[in-house]
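Working notes for the structure below.
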């Protein structure tokens, strides 16, 4: 091409560019939030116009007449220059670029004349900062949502209208063992326990029929290992909502909650039975007081050769056995009379070895694993031994063909987590005794009733069913806890936890016992107050036959009347504690107002601990538990009178 041809084309191109620029300038002024620029083949801006210049802090003068490199920073030029040259070569393109804290999208394309020749390039720029910020906020929201879902203790699943799983969160792996991909496309009902399918279908239908309303249910899901997991599920129908189009289901493991609820129900049941048993035992103790006292009086009066004496001996023996049963019931109901002291549990267990092995017989091997320096507990040694013997006997019955019984003592610091798993246990330092046998073990149903009175684990249901109930009551009354772990064929472990009270150096030896022979009275007057006529009668007869003068009253008001009408001295008030109108403590206070020097002794079919809890018995008060025989009654009366002299 000749030099004159080239020189003629440049002015023509310039005129064409000028004409197009004039047209585009007019158009650009009407484009909202945008900027239109035109550049020639030298990448020089020939026009810059638009409402987007001012918001970006730019003006026409910063572009028109300048090259791309002169108008913009190098980093932006590196992005735009390939697009500009491509436009001059006939291609279009776009890019997003950051500029002075804003985000811009730039579209670049060729400008052609009427003959189709490319005379320039054009760029159209829009500020997309707001949409970028919205996208960032959406991504952050999605990230937060995903983090919440993936790290949630609850598992989340999306289920379509056909019941197929279309999404499962990562928590399903922790709860059910499946990775989420294994669940996609599966019918949710395939994971439901067969016994719960009908119930879950009903819950699913309820969710479908009530869009937006949460539907709650409890059911069992199959774990990947084949076991079943109790869960609580909440389903909300979001099928009609764009972007979701499914029923949103969350579920959580409630196995621990169900166990806690069952333990709470069991504890409430045990407490209710204990209260009932304690009340019944109280009434029986009053009856047995009359039976034992009357039988002893008759036996004392009848000659040794009396033909029916054996019958009376049988009556007394039966009443004595009945009294022992009521003591076991009271132990279960935690109303037994205990004499707690600081003791070394390891030493107590070691001392029992000589009596435990004969109880177990030759087929069961007894092993002791005794901890040292584990600290002292506060308990009644005799009752604690009885509690241990009861468990040992239960273990013997569980090993009819022989086996091994291990008794291990130790101490443990119970933390909050362990205490929560063993509600109502409280955190703290405990001394422990574990009794592990290699017997037949127990299923969950048996374990659930194990400590209930009259429930027996013996074959054929032989036995009174009070042994383990008594152990439970003794341990609870000693401030401790007892737990059992067992499974069929795996033996059983009973673990007793007793609060640690002191280092072993503080545990005193058992006080020596000095049996005292019943002492007769010396003419002292005793006022007997009891609302049970038969108890008053037998008590009065025993005291009168043994050298005491006796006044009697059926309650507080009558006792005060007796005081007014009896001018002579009264050395002892022997009163029942639980009576209508006025309890024993109130009777004692009113009597002392009129007879300041009188001695007071209480008696009751309830334990002193139970009475003291109600504020009806002062600490250290002289107390006689019903049922009593002649000897203990006379000894207690004598001690009460001798304690501070005769008034």
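In my numbering, the protein residues as written are 11 to 657.
Idealized CB from N, CA, C, for every residue including glycine.
None of these values were measured; they are calculated from a predicted model.
Item	Value
contact_flag[the stretch 393-411, the stretch 446-455] where n(CB pairs < 8 angstroms) is 3 or more	yes
Three-state secondary structure assigned by DSSP to residue 92	helix
Inter-residue Cα distance where the pair is residue 655 and residue 582	In this prediction, residue 655 scores a pLDDT of 47, lower than 50, which makes its location untrustworthy; the coordinate-derived value is nonetheless stated afterwards. For residue 655 and residue 582, the distance between alpha carbons rounds to 11 angstroms.
Element boundaries [alpha helix (DSSP H), containing residue 181]	181-186
Alpha-carbon spacing of residue 387 relative to residue 352, whole angstroms	5 angstroms
Where the beta strand (DSSP E) containing residue 379 begins and where it ends	374-379
Close Cβ partners of residue 521 (< 7 angstroms) along its chain, the five nearest in sequence each way excluded	With a pLDDT of 42 at residue 521, under the threshold of 50, the modelled position of this residue cannot be trusted; read the value that follows with caution. If we look at residue 521 and ignore the five residues flanking it on each side, it has no Cβ neighbours.
Residue environment, residue 73, which counts as buried when at least 16 other CB atoms sit within 10 Å	buried
Runs of alpha helix (DSSP H) lying entirely within the stretch 517-587, each at least 4 residues, in chain order	543-554, 566-575
Residue 594 vs residue 612 beta-carbon contact at 8 angstroms	yes
Sheet register partners of residue 424 (DSSP bridge)	438
Opposing strand residues paired with residue 136 [DSSP bridges]	44, 115
Unbroken alpha helix (DSSP H) run spanning residue 354, endpoints	Note, residue 354: premise wrong, no alpha helix (DSSP H); beta strand (DSSP E) at 351-354.
Between the CA atoms of residue 494 and residue 404 - distance to the nearest angstrom	12 angstroms
DSSP-derived helix/strand/coil call for residue 234	coil
Residue 259 classed as buried or exposed, judged by whether at least 16 other C-beta atoms fall within 10 angstroms	buried
Exposure label - residue 436; buried when at least 16 CB within 10 Å	exposed
Same chain, Cβ closer than 6 angstroms to residue 80, neighbours up to 5 away in sequence not counted	none
Beta carbon of residue 509 nearer than 8 angstroms to that of residue 438	yes
CA nearest to the CA of residue 639, picked from 309, 402, 266, 650	309
Rounded C-alpha distance that separates residue 220 from residue 190	27 angstroms
First and last residue of the uninterrupted beta strand (DSSP E) at residue 508	502-512
Residues that residue 128 bridges to, as DSSP identifies them	122
Beta-carbon proximity of residue 257 to residue 384, cut-off 8 angstroms	no
Rounded C-alpha distance that separates residue 302 from residue 637	8 angstroms
For residue 400, the residue or residues it bridges with in DSSP	Bridge partners of residue 400: none, in fact.
Under the three-state DSSP convention, the category residue 453 falls into	coil
Residue 59 classed as buried or exposed, judged by whether at least 16 other C-beta atoms fall within 10 angstroms	buried
Check whether residue 545 and residue 330 have beta carbons under 8 angstroms apart	no
Backbone CA spacing between residue 573 and residue 532 [nearest angstrom]	21 angstroms
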